[in-house]
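In this note's numbering, the protein residues as written are 425 to 573. Glycine included, each C-beta is placed from N, C-alpha and C at the ideal position.
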């Protein structure tokens, strides 16, 4: 669902509605301003959004992508590769949010350009805290490249 025609702080690529809700709650907790989040549920829709195809022709460029690895249609690993190989998208930070603790997934994600890899915490309070800190870091602390591409 496209929630804002003018701004997208975070593109959340998450197929589990419960996890998506927890991420949204974590992004808003203790936030000094509301964070604009667009949630898509599979890898194909993520690429459609990023490449501004079909219903996303007017989609704003996200400041950060939060990406699950195990997605329907197109796997998150393939989404990561596509983003980081595209010169118009490669500067968008991609934060992997996954239940996988596999060293293979972690190593592969960093090799393909992931900016961070976070294993989804199992406890609610830990999840909210982790996402809140991630939001503070990516949206308030670091200075991201400004691009309208």
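Residue 522: buried (16+ other C-beta within 10 angstroms of its C-beta) or exposed? Position 98 of the chain shown holds residue 522. With 16 or more other Cβ atoms from the protein chains shown falling within 10 Å of its own Cβ, residue 522 counts as buried.
DSSP on residue 491, reduced to helix/strand/coil? Position 67 of the chain shown, counting from 1, holds the residue named residue 491. In this structure, residue 491 counts as strand in the three-state DSSP scheme.
Just reading off the beta strand (DSSP E) that residue 437 is part of, what are its end residues? Taking the first residue of the chain shown as position 1, residue 437 is located at position 13. Element bounds for residue 437: 434–437.
Considering only residues of the same chain and omitting the five flanking positions on each side of residue 520, which have a CB-CB separation below 6 Å? Position 96 of the chain shown holds residue 520. So the list reads 491, 533, 538 and 541, once near-sequence residues are dropped.
Determine the burial state of residue 486: buried for a count of at least 16 other Cβ atoms within 10 Å of its Cβ, exposed for fewer. Translated into the one-based positions of the chain shown, residue 486 becomes position 62. Around the beta carbon of residue 486, a 10 Å sphere encloses 16 or more other beta carbons of the protein chains shown; the residue is thus reported as buried.
8 Å Cβ cutoff met for residue 435 and residue 447: Mapped onto the chain shown, residue 435 falls at position 11. Mapped onto the chain shown, residue 447 falls at position 23. The Cβ-Cβ distance between residue 435 and residue 447 does not fall below 8 Å.
Between which two residues does the beta strand (DSSP E) carrying residue 460 extend? In the chain shown, residue 460 corresponds to position 36, counting from 1. Neither: residue 460 is in no beta strand (DSSP E) and is coded neither H nor E.
Please confirm if the segment 525–532 is in contact with the segment 554–565, defined as three or more CB-CB distances below 8 Å between the two stretches. As far as the Cβ criterion goes, the segment 525–532 does not touch the segment 554–565, which means the pair count is below three.
In whole angstroms, what is the alpha-carbon distance linking residue 516 and residue 452? Looking up residue 516 in the chain shown gives position 92. Looking up residue 452 in the chain shown gives position 28. In a straight line, the C-alpha of residue 516 is about 21 Å away from that of residue 452.
With H, G and I counted as helix, E and B as strand and the rest as coil, what does DSSP make of residue 428? Locating residue 428 in the chain shown gives position 4, where the first residue counts as 1. At residue 428, the pLDDT of 41 sits below 50, so the modelled position is not reliable and the matter cannot be decided from this model.
Identify which residue in 471, 445 and 545 has its Cα closest to the Cα of residue 501. On the chain shown, residue 501 is found 77 positions in, with the first residue counted as 1. It is 471.
So is residue 428 buried or exposed if we call it buried at 16+ other beta carbons inside 10 Å? As a working note, residue 428 is residue 4 in the chain shown. Low confidence applies to residue 428: its pLDDT is 41, below 50, so where it sits in the model is not reliable, and the reading given next is rough at best. By the neighbour-count criterion, in which a residue is buried when 16 or more other Cβ atoms sit within 10 angstroms of its Cβ, residue 428 is exposed.
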